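A short write-up of the structure that comes next.
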Amino acid sequence: MEKIMNYFKLSKLELSKVIFPTKEQVRNAFITVFVVVAVVSLFLAIVDALMSFSLSKLI
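Shown next, in the form of structure tokens:
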């Protein structure tokens with residue numbers, strides 16, 4: 032029982048050290064990830080279309 036209590040005390044101590052992000056930081060990170068994914072997706076779609084077009088003309 033002592034080990035369990037010690038575990039919870041240490042867990043609580045570690046959680047007090049955690050710095051949680053603010054809403055603004057989460058929102059900014061979400062927007063950044065969304066924009067990067069959109070740009071990479073657009074780039075890959077253009078490359079796929081170009082390769083598909085050139086391969087269809089080659090064959």
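Heads up: the sequence shown at position 24 corresponds to 55 in my numbering, and the numbers run straight through without jumps.
Backbone N, C-alpha and C fix where the C-beta goes; we use that ideal spot for every residue, glycine too.
Bear in mind that the values here come from a model prediction, so they are computed numbers and not experimental data.
Residue i, DSSP secondary structure in three states
i   : result
M82 : helix
T63 : helix
I50 : coil
M32 : coil
I77 : helix
Length of the line joining the Cα atoms of residue i and residue j
i   : j   : result
V70 : I77 : 11 Å
I62 : Q56 : 10 Å
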